[in-house]
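Engineer:
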Amino acid sequence: MTIAFFGATGGCANACLAYTLLNGHKARALARTPSKLTTLLLDQPGITQQILDAQLEIIQGDATDVDSITKTLITDSNFTPNDHAPCKLVSSIISGLGGTPSMSFTRETKCPTLKFRVPALPHIELSNPNITEQATRTLLVALAGIASERFESLEAYRAVAPLVTVISTTGHLPGHKDVPVLFRPMYSMLLPIPHADKLQMEKLLDEEVRCGERGVLGAGVVVVRPSFLTGDHRISVKDEREKKGEGLEMVRVGTERDPAVGYTISRALVGEWIFEEVVQGGGKKWVEEKVTITS
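Read left to right, the sequence shown gives residues 0 to 294 (numbering that gives the first Met the number 0).
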């Protein structure tokens, strides 16, 4: 079993990748700056250079580039982008992609002929406000290319297609009903830009799922919607978790029909939940669900 990771320098995906490696699984990760990912992983308790050398392959590239995505998903060591021979795919894809956030007190005018910024209420802007949508489109194009060029039929591809798990956010339900009442003003004022990008990602995946047997998501999709994220990428060792009273037993889980409403959850805990439920557990329980998790 080999797991593909996108956005693994982010806290949630990095934590999931760390648990994946610590439990003996192999992984492939796409990174624009491999040295950054290596540094973050070596900061994780228990991760050594020996583990990275034996279990992880980092592919340098961009998540909006089809060839980079394709190279990450195909595990054959002799893969070339123009090769049309049969191939072996990763068993699962985990994506924690998102833009780099920053606080802003201005916004661009809506006038198409005048481009300047005016004062505005505080809100979060992203280095690339459409990165999640763009990367999702690229992933679907890459999967479609693999299915048509590397397999005899769509049925043959769908039989081995990887499960796709993406990290989204709460706040998508009408009236932010999956968010505590006290947090709803913050979600409305501060977070509409990053949430719009995540919502577009979900819509693209929903459209592909509706294609049924004609679609490229043969193993299905799991959308994880964590509540407001806290902490960094670093996982806790067992003794630290016991002292702090932290762990998966603290996580409450719901779905879009019956969301688990809570204030915050740590990035490391999100990564651990995805590891346990998707990497270890196979994820079938959550396929085609919008899973809300909070602590």
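Even glycine gets a Cβ: it sits at the ideal position worked out from N, Cα and C.
Could you check which residue in CYS210, GLN133, LYS114 has the C-alpha nearest to that of GLY98?
Structural biologist: The option with the nearest alpha carbon to GLY98 is GLN133.
Engineer: Do ILE192 and GLY95 have their CB atoms nearer than 8 Å?
Structural biologist: No, the pair does not count as a contact, with Cβ atoms beyond the cut-off.
Engineer: For VAL140, which residues of its own chain have a beta-carbon under 6 Å away from its beta-carbon, when the five flanking residues on both sides are left out?
Structural biologist: Closer than 6 Å at Cβ, skipping near neighbours: VAL65.
Engineer: Rounding to the nearest angstrom, what Cα-Cα distance links ILE24 and LEU198 in this structure?
Structural biologist: Reading off the sequence shown, one finds His at residue 24, where the question assumed Ile. If I take the Cα positions, the gap works out to 31 Å.
Engineer: Cα separation between THR8 and LYS35?
Structural biologist: Spanning the two alpha carbons is a distance of roughly 7 Å.
Engineer: Less than 8 Å between the CB atoms is what I'm expecting for ILE68 and LEU16, so what's the real figure, rounded?
Structural biologist: About 17 Å; that fails the 8 Å criterion.
Engineer: Beta carbon of GLU154, beta carbon of VAL220: below 8 Å?
Structural biologist: Not in contact: GLU154 and VAL220 (Cβ atoms no closer than 8 Å).
Engineer: Could you tell me the distance, in whole angstroms, from the CA atom of PRO225 to the CA atom of LYS87?
Structural biologist: Going by the C-alpha atoms only, they are around 32 Å apart.
Engineer: Assign ALA146 to one of three DSSP states: helix, strand, or coil.
Structural biologist: If DSSP states are grouped into helix, strand and coil, ALA146 belongs with the helices.
Engineer: How about ASP75: is its Cβ closer than 7 Å to a heavy atom in the ligand NAP?
Structural biologist: Among the components modelled here there is no ligand, and therefore nothing to report on the ligand NAP.
Engineer: Quick check on PRO258: buried or exposed, where buried means 16 or more other Cβ atoms within 10 Å of its Cβ?
Structural biologist: Buried: at least 16 other Cβ atoms inside 10 Å.
Engineer: Return the chain-ordered list of same chain residues with a C-beta closer than 8 Å to the C-beta of LYS284, the five sequence neighbours on each side being excluded.
Structural biologist: So the qualifying residues of the chain are GLU276.
Engineer: If ALA160 sits next to ALA218, beta carbons under 8 Å apart, how far is it from one beta carbon to the other, in whole angstroms?
Structural biologist: That belief holds up - the Cβ atoms of ALA160 and ALA218 are roughly 5 Å apart, short of 8 Å.
Engineer: Would you mind stating whether ASP295 and PRO128 have Cβ atoms separated by less than 8 Å?
Structural biologist: Outside the displayed span of the chain (0 to 294) sits residue 295, for which this structure offers no information.
Engineer: Thinking C-beta only, is PRO179 closer than 8 Å to VAL260?
Structural biologist: Going by C-beta atoms, VAL260 is nearer than 8 Å to PRO179.
Engineer: CA-CA distance, MET188 and ILE93?
Structural biologist: Near 29 Å, if we compare the C-alpha coordinates of ILE93 and MET188.
Engineer: Starting from GLU254, follow the beta strand (DSSP E) in both directions and report where the run begins and ends.
Structural biologist: Note that residue 254 is Thr in the sequence shown here, rather than Glu. Its beta strand (DSSP E) spans residues 251-254.
Engineer: For PRO184, which of helix, strand or coil comes out of DSSP?
Structural biologist: Helix at PRO184.
Engineer: Bridge partners of HIS122, per DSSP?
Structural biologist: Its beta-bridge partners are SER103.
Engineer: Comparing alpha-carbon positions, which option in PHE5, LEU40, PRO33, ARG31 lies nearest LEU20?
Structural biologist: Out of PHE5, LEU40, PRO33, ARG31, LEU40 has the C-alpha closest to the C-alpha of LEU20.
Engineer: Where does the unbroken beta strand (DSSP E) through ARG224 begin, and where does it stop?
Structural biologist: Segment 220-225, the beta strand (DSSP E) holding ARG224.
Engineer: For THR168 versus GLY282, is the C-beta distance shorter than 8 Å?
Structural biologist: Going by C-beta atoms, THR168 is not nearer than 8 Å to GLY282.
Engineer: Going by beta-carbon coordinates alone, are ARG136 and LEU203 separated by less than 8 Å?
Structural biologist: Contact flag set, yes.
Engineer: Which residue's Cα is closest to the Cα of GLY230: VAL223, MET200, GLY270, ARG251?
Structural biologist: Comparing Cα-Cα distances from GLY230 to each of VAL223, MET200, GLY270, ARG251, the minimum goes to GLY270.
Engineer: Taking a contact to mean a Cβ-Cβ separation below 8 Å, would you say ILE123 touches LEU228 in this structure?
Structural biologist: No; because the gap between Cβ atoms is not below 8 Å, this pair is not in contact.
Engineer: DSSP state of VAL290, grouped into three classes?
Structural biologist: Residue state, collapsed to three classes: strand.
Engineer: Report the three-state DSSP secondary structure of ALA7 (helix, strand or coil).
Structural biologist: In the structure shown, ALA7 sits in coil (DSSP, three-state: anything other than H, G, I, E or B).
Engineer: So who's on the other strand from ALA17, going by DSSP bridges?
Structural biologist: Beta-bridge pairing links ALA17 to no other residue.
Engineer: Please state whether the Cβ-Cβ distance between ILE2 and VAL117 is less than 8 Å.
Structural biologist: No, these two residues do not count as a Cβ contact at 8 Å.
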